[in-house]
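Chains as they are written, first to last, in the working numbering: chain A, -5 to 291; chain B, 35 to 259.
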């Protein structure tokens, strides 16, 4: 705690001991700013993918469809039999057969609104809403096969899984990007710190000559780079958030792309970027300083 | 205070110093002389731990210097005032800050010491140059500033490497007077110099032991000095 206070409060005299370090200062500011900016977008992407995967998983997992394909004279009986089976199956909140109008509406995008449904051998669809705990899809399938030969259960797993997997992959990619961005930021700040330390080896020699401990010398450099990384990251995050806010707002029509952003508690993540960036700069510069001071001894 | 026991130092495959034994007692005044390249600066660097001997042992303030880690070495250097031939300043800081650098790095309260700093700058005749940057100083002013920096922590010993190397005779006498004054205050002084006139001038004012580096060894100089 004392060390953190010392780092934050600093020492005006000690800060002056290390000369202004030209391009390394600008490099640190730019690198941390650019990386923080990118991190905001990677975070937004990752969080949006996560929300999407959750929503798709939730919405689709809670519904299923039973298709009855039977000769016209058996259709009503098999539909009723299927509904009876569903009523007796635990884990089903509700089940109902779609009306002819609802089935026409489903087919309208492909065949037009004037589809004469009664002249076509159309299967009957039963909409099933899952309860909690969920029903046993495999058990239901077996019972339907035995009691309603024309019934086929589609619990959406076939096409829900790839969608959820894709969203999950996108989320993992987002987090991987954040890790890579963090690594690149640490590498750039380390390089900048090493360059600054190497350029100031004479300053280090003088400081040692007058009795400066390595910790004092390291802190003078580390503090400078940590503060710059924090300022750069704060600016980068501000610009990144501005960019995210300027994206079109979420809507059903816009789908995934317009849902890119932060909601509720997820706002904490971009706020954490500057202190995390500063922490990373503190660790990487500290390690670079210790290495360089060991080499110069 | 500082003791070198059978110290040898090799560099680049060649032996620069061999079997050097030297003892600097508290309050003593020493000159170390010899031709350029004889190893005067090396002896000083060995004394303040910038170099480690190849063989032999160096004790400073009753401690074997080999046993010190870098932090302990830093603490030990606070008890030594070192004047380099090239002064070694931080050019981006004004003279006053350079002189106060040992205070700054040791965490002493700068504000509380400002009186001492003014007094010290006045003692070395640099009161009016406190805000100047080191590159703006003349050779003599740089040496005096380096001396002021060396003594601001009130060290037990002052090690000066060619402190009059870049100044005229009058200035070298003035610097010598400052070093003699320090010795009268009880400080041990070791001056590495090739300036024999300076040594002769000092010997009339202070009881100084003159050591000469010859054939890689440190010997007591003859009566000619």
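Beta carbons are placed, not taken as given, at the ideal position from N, Cα and C, and that holds for glycine. From a predicted model like this one, the values you see are computed outputs, not experimental measurements.
Check your understanding: Helix, strand or coil for residue 45(B) per DSSP?
Key -> strand
Give the interface partners of residue 201(A) over in chain B, defined as CB-CB distance under 7 Å, in chain order. 139
* Nearest candidate by alpha-carbon position, reference residue 227(B), set 60(B), 161(B), 69(B) -> 69(B)
_Neighbour flag for residue 208(A) against chain B, beta carbons, 8 Å_ = Chain B, which has a Cβ nearer than 8 Å to the Cβ of residue 208(A), makes this yes.
Original post:
Can you give the beta carbon distance from residue 43(A) to residue 161(A), rounded, assuming they're within the 8 Å contact cut?
Top reply: For residue 43(A) against residue 161(A), the beta-carbon gap comes to about 5 Å, under 8 Å, which counts as contact.
- Outcome for residue 141(B) when other beta-carbon atoms lying within 10 angstroms are tallied against a minimum of 16: Result: exposed.
- Task: Starting from residue 138(B), follow the alpha helix (DSSP H) in both directions and report where the run begins and ends.
- Result: 135 to 139
Can you check which of these residues, 204(A), 120(A), 189(A), is closest to residue 20(A) by C-alpha distance? 189(A)
- Less than 8 Å between the CB atoms is what I'm expecting for residue 111(B) and residue 205(A), so what's the real figure, rounded? 4 Å
Could you check what DSSP says for residue 62(B) in three-state terms: helix, strand or coil? coil
- Is the beta carbon of residue 155(B) sitting closer than 8 Å to the one on residue 133(B)? yes
For this session: Answer with buried or exposed for residue 136(A), where buried requires no fewer than 16 other C-beta atoms within 10 angstroms of its C-beta.
Result: Its Cβ having fewer than 16 others within 10 Å, residue 136(A) is exposed.
inquiry  = Which of the three DSSP states is assigned to residue 69(A) in this structure?
reply    = helix
**Message:** Short of 8 Å Cβ to Cβ, which residues in the segment 176 to 187 of chain B face chain A?
**Reply:** 183, 187
Starting from residue 115(B), follow its DSSP beta bridges and name the residues at the other end. BP columns for residue 115(B) point to 192(B).
**Prompt:** Of all Cβ atoms in chain A, is any one closer than 8 Å to the Cβ of residue 116(B)?
**Reply:** yes
- Message: My output table needs one value for residue 172(B): the three-state DSSP class, helix, strand or coil.
- Response: It is coil, neither helix nor strand.
Test: residue 167(B) CB closer than 8 Å to a CB of chain A
no
Which listed residue (94(A), 112(A), 79(A)) has its alpha carbon closest to that of residue 122(A): 79(A)
Which of the residues in the segment 220 to 233 of chain B, read from start to end, lie with their CB under 7 Å from any CB of chain A? none
**Prompt:** Alpha carbon to alpha carbon, what distance is there between residue 256(A) and residue 109(B)?
**Reply:** 53 Å
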